[in-house]
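In the order they appear, the protein sequences are chains A and B. As numbered in the numbering used here, residues 1 to 477 make up the first sequence, in order. As numbered in the numbering used here, residues 478 to 782 make up the second sequence, in order. Here a beta-carbon is modelled for each residue, glycine too, at the ideal position from N, C-alpha and C. In what follows, a structure is listed as structure tokens, so that the remarks can point back to it.
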Amino acid sequence: MLFNSFEFLIFFPIVTIAYYLSPHRFRWILLLLASCVFYMFFVPIYILILLITILIDYFAAIYISKATSERRRKTCLVLSILSTCIVLIIFKYFNFFNDNIRLLAEAAHWHYPVNPLKILLPIGLSFHTFQSLSYVIEVYRNKQKAEKHFGIYALYVMFYPQLVAGPIERPQNMLHQFYEKHEFDYSNVVEGLKRMLWGYFKKVVIADRLSIYVAAINSNYKHHNGTSLTLAAIFFGFQIYCDFSAYSDIAIGSARVMGFKLMTNFNLPFFSRNVTEFWRRWHISLSTWFNDYLFTPLSFNFRYWGTTGILLAIMITFFTSGLWHGAGWTFILFGVFHGLAVCYETLTKKFRKKAAKAIPRIIYTNLSILFTFTFACFTWIFFRATSMEQADTIIKRILFVRGPLFLGFSNRDMIYAVVFLLVLLVKEFIEEHKLFNNFSLYHNSNAVVRQLTYYSLIVLIMLFGVFDGSQFIYFQF
Amino acid sequence: MVLSNQSQLARFAKKFLIFVVGIVLVDAIVGTLMKRYYDNQKGGLFYRANYVVNNTKADLLIFGSSRANHNYITTTFESKLNTTAYNCGRDGIGMYYCLATMAAVLERYTPKTIILDLRPGEFSLSEYGKLAEILPYHDNPAVYNYIKYDGKFEKYKLASKMYPYNSMFSTLFLNNHLAANHTIFDVEGYIPFTDTMKYAPRELVKFGPVIPQRVKVLEDMLQTLKKKNIKMFLVMSPSYCTFLHPDPTIVTVDSLCEKHPEVRFLNYEDDPAFSDYKLFKDQDHLNQDGSKKLTSLITDQLAYH
């Protein structure tokens, strides 16, 4: 089920009201059933894949917690990770690896008889696989007790607000919340609804409007000049941010309405002054996941290699992060570029500090922000491209083909996109710099201003939203 | 009820109810203002759509997408056939939009002849989201019947008075206040294309399977027209492309015409008379020279039948 679908508008209030009306001891059943319904709106049979992942990690964690020897615990952890990842590999990566092996075999004139699998990727597979993995690893590290209650554990993986596109939660933050009795709390409900409303605004008014231009340019990239392709690349940067952060806002908000607190996933990433900071502000639940479960163990293991070890750990982490996003060379290159940028920043940290002192702060900071944003938009060209050939053509045309700007099929799309993007940027600029005494229309101390803001947002959504039922970009992962 | 904090719930329920009432009021006020804004346009595409639904009186009407709008010269029909004609074609719309506006016109009066220009692959194309611009006429029962084809929840969304005017504000602003600069030059609805495309080899085009619902909707309209004794011509305008044969759209229209002998199908899709790229503005649209040629051929057919 999509958060921006009519079905969800019916589903959400029914589940929330039923949640508060149910006795506490039955609430987990209600949420689990609701989560199953939510998931089964896509491809119903795929719930069995989710069940397999849940079963593997549920029993693995219990075994790990009971195992007496370290060797057995480790063996069980490895087996659990491998078997969970096999599901991911079959559905997400098999065809990618198979195609590449076939290409190699063809180049070597070998017969390669393995055909590609004709299967759809289950929605959000990478998200719930990572959430499940984090649980087993935390149990292994003795930071989390193995969950005995199968239903609660299943709910931890399947909790509908964050089931298909995160935030990727940690067991320490979530599991105890399913045991806590959430009373109806006025401030939680209002805060949750406000967050959802802002999420909807970002999705249907900004992201989906920008996507019209981005799709028009990218679907015909061979015929557009560098000016239009540059604008499309910049727009895609804002589109993906508004789309994904909107999903996170709606997820966090809908959970908050029921009293659950999910982790923050975005923190004004376009004000990052370098790529390292960007990853502290962008998709925080994924970057902290990679930091906790991949980068930190790797850098610990490579510690004797000094800086080389750190750089190697960074590159492996970002390579994996790229591959996590999608089974394709474009995604891998997206990760590798970010890895290289973080390596560069690690190596030049001292030099950059000196440079920052030599240049007026306002100039250095703003140039850094601009450079980081440009870099992010450049790497998103690979992220958005359907093939390396497409990314290559787009970059070449951006660099070498000049011409007038294509304004889109309809001027109104461009006008709406730019106007509402400016609204977002002004809001975030005020938030980032805490201007005007942290002025916020949305959280204004004056109730009339607050109410007017809510009404205005709803009117803007109704009059300027794009209601084509488009999916969230990160669903494909 | 397991609610330990009844007072918080009561507080929320009260405020939420007031908020919902407020939303309904705001929706009604903004929706009414938008309707007024829509009805008072002085130029532009929406103004022309309004004119088609509410004011046309011509005996010959041409419906279709941009291909209809830019390919059919109304004055030629008028002079050669001694009739009145209006080109109701509109850029960026599909068959359901055409049929919905046609149904709205038929509620008002009965033209003598109707031409419906079909797009290549017409019966294979999805029209999801393309009916948004007919929503301001959802009060018209004839139009309302077609709105369901834009999604199963569309009729519920229409509970909002603002929703029919979604994404129209800037266009309505221009059409109301800057109409003098924004008026589109047209001759009885026909808007000529003066450019000529640059030479390019013809691209091979193929379409997916026919969607039976689209055929059924068109067939229903053909029956309505037959009852009203209106002559119907289905036309496939020329394209500067090569189509994979047999084209499922052409096969389907042929079989429709067999069932409805009163309907004529004029197929210029691959007509050798339009092999010269200089007759085209782009691969889908004729320029003024091409339109003259096509209109002349169709006029002869109309005169003959």
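Could you tell me the distance, in whole angstroms, from the CA atom of residue i to the CA atom of residue j?
| i | j | result |
| --- | --- | --- |
| B:Ala505 | A:Lys427 | 29 Å |
| A:Phe378 | A:Ile398 | 10 Å |
| A:Val342 | A:Leu133 | 26 Å |
| A:Tyr63 | A:Ser285 | 27 Å |
| B:Asp594 | B:Arg741 | 12 Å |
| B:Phe540 | B:Ile592 | 6 Å |
| B:Lys675 | B:Val712 | 26 Å |
| A:Thr227 | A:Asp392 | 16 Å |
| A:Val484 | B:Val498 | Examination of residue 484 of chain A is not possible in this model, given that chain A is present from 1 through 477 alone. |
| A:Ala34 | B:Thr671 | 59 Å |
| B:Val479 | A:Ala215 | Caution applies to B:Val479, whose pLDDT of 46 falls short of 50 and renders its modelled position unreliable; the value that the coordinates give is listed next. The straight-line gap from Cα to Cα measures roughly 49 Å. |
| B:Thr701 | B:Ala545 | 22 Å |
| B:Lys625 | B:Met639 | 18 Å |
| A:Leu478 | A:Ile394 | A query on residue 478 of chain A cannot be resolved here, the shown segment of chain A reaching from 1 to 477 and no further. |
| B:Glu604 | A:Phe400 | 37 Å |
| A:Glu147 | B:Leu602 | 51 Å |
| B:Thr673 | B:Thr553 | 21 Å |
| A:Ala313 | A:Pro161 | 32 Å |
| B:Leu699 | B:Glu631 | 25 Å |
By the three-class DSSP mapping on this structure, what secondary structure does residue i have?
| i | result |
| --- | --- |
| A:Thr348 | coil |
| B:Met709 | strand |
| B:Arg679 | coil |
| B:Ile591 | strand |
| B:Cys718 | strand |
| B:Asn744 | strand |
| A:Leu262 | coil |
| A:Val164 | coil |
| B:Ala619 | helix |
| A:Val190 | helix |
| B:Tyr459 | A question about residue 459 of chain B goes unanswered here, because the residues of chain B that appear run from 478 up to 782. |
| A:Ile137 | helix |
| B:Val692 | helix |
| B:Leu480 | Because the pLDDT of B:Leu480 is 48, which lies under 50, any placement of that residue in the model is unreliable, and the question is left without a value. |
| A:Lys29 | The question names Lys, but residue 29 of chain A is Ile in the sequence shown. Helix at A:Ile29. |
| A:Phe464 | helix |
| B:Ile495 | helix |
| A:Ile64 | helix |
| B:Leu539 | Looking at the sequence itself, residue 539 of chain B is Ile, so the reference to Leu does not match. DSSP places B:Ile539 in strand when its eight states are reduced to three. |
| A:Leu268 | coil |
Shortest alpha-carbon distance to residue i belongs to which of the options?
| i | options | result |
| --- | --- | --- |
| B:Pro723 | B:Phe751, B:Lys705, B:Lys755 and B:Gly685 | B:Gly685 |
| B:Leu763 | B:Pro715, B:Leu774 and B:Glu746 | B:Pro715 |
| B:Ser791 | B:Leu510, B:Met698 and B:Asn564 | This structure does not reach residue 791 of chain B, given that chain B is present from 478 up to 782, and the question cannot be answered. |
| B:Val730 | B:Thr551, B:Lys683, B:Lys629 and B:Arg596 | B:Arg596 |
| A:Phe464 | B:Ile668, B:Pro689, B:Thr648 and B:Phe493 | B:Thr648 |
| B:Gly520 | B:Asn652, B:Lys758 and B:Thr553 | B:Asn652 |
| B:Lys491 | A:Tyr247, A:Lys203, A:Tyr186 and A:Ile86 | A:Tyr186 |
| B:Lys758 | B:Ala526, B:Asn548, B:Gln778 and B:Thr533 | B:Asn548 |
| A:Asn411 | A:Ile212, A:Tyr241 and A:Leu32 | A:Ile212 |
| A:Ile217 | A:Met258, A:Leu405 and A:Thr453 | A:Leu405 |
| B:Asp536 | B:Lys693, B:Ala562 and B:Glu680 | B:Ala562 |
| A:Phe373 | A:Leu175, A:Trp282 and A:Tyr19 | A:Trp282 |
| B:Ala581 | B:Lys607, B:Asp568, B:Glu599 and B:Lys534 | B:Lys534 |
| A:Ile310 | A:Leu340, A:Leu117 and A:Lys350 | A:Leu340 |
Determine the chain B residues that contact residue i at a beta-carbon separation under 9 Å, and present them in chain order.
| i | result |
| --- | --- |
| A:Gly465 | Asn643 and Ser644 |
Against residue i, what residues of chain B qualify as contacts under a CB-to-CB distance less than 8 Å, listed in chain order?
| i | result |
| --- | --- |
| A:Val189 | Phe489 |
Residues of chain A with CB under 9 Å from residue i, in chain order?
| i | result |
| --- | --- |
| B:Thr509 | Neighbours of B:Thr509 on chain A: none; closest Cβ ~13 Å, over 9 Å. |
| B:Asn482 | Glu183, Phe184, Asp185 and Tyr186 |
| B:Thr648 | Ser410, Asn411 and Arg412 |
| B:Leu602 | Near B:Leu602 there are no residues of chain A at all, since even the closest Cβ is about 15 Å away, more than 9 Å. |
Along chain D, which residues have their Cβ under 8 Å away from the Cβ of residue i?
| i | result |
| --- | --- |
| B:Ile500 | Of the protein chains in this structure, namely A and B, none is chain D. |
So with CB distances below 7 Å, who are the chain A contacts of residue i?
| i | result |
| --- | --- |
| B:Leu558 | Under the 7 Å cutoff, chain A gives no residues; its nearest Cβ is about 34 Å from B:Leu558. |
| B:Phe630 | Phe6 |
| B:Ser714 | Per Cβ cutoff of 7 Å: no residues; B:Ser714 is ~20 Å from chain A at best. |
Determine the chain A residues that contact residue i at a beta-carbon separation under 8 Å, and present them in chain order.
| i | result |
| --- | --- |
| B:Val503 | Tyr455, Ile458 and Val459 |
| B:Val637 | The residue asked about is misnamed: residue 637 of chain B is Ser in this sequence, not Val. Those are Met462, listed as they occur along chain A. |
Could you name each continuous alpha helix (DSSP H) segment of 4 residues or more that falls completely within the segment 317-377 of chain A, going from the start of the chain to the end? Entirely contained in the segment 317-377 of chain A, the alpha helix (DSSP H) runs reaching 4 residues are, in chain order, 329-347 and 349-358.
Runs of alpha helix (DSSP H) wholly within the segment 56-102 of chain A (minimum 4 residues, chain order): Entirely contained in the segment 56-102 of chain A, the alpha helix (DSSP H) runs reaching 4 residues are, in chain order, 70-88.
Could you give the uninterrupted runs of the alpha helix (DSSP H) lying entirely in the segment 209-268 of chain A, keeping only those of 4 residues or more? If we require 4 residues or more, the alpha helix (DSSP H) runs fully inside the segment 209-268 of chain A come out as 226-257.
Where are the alpha helix (DSSP H) runs, 4 residues long or more, that stay fully inside the segment 379-428 of chain A, in chain order? Runs of alpha helix (DSSP H) with 4 or more residues, each lying fully within the segment 379-428 of chain A, are found at 388-400, listed in chain order.
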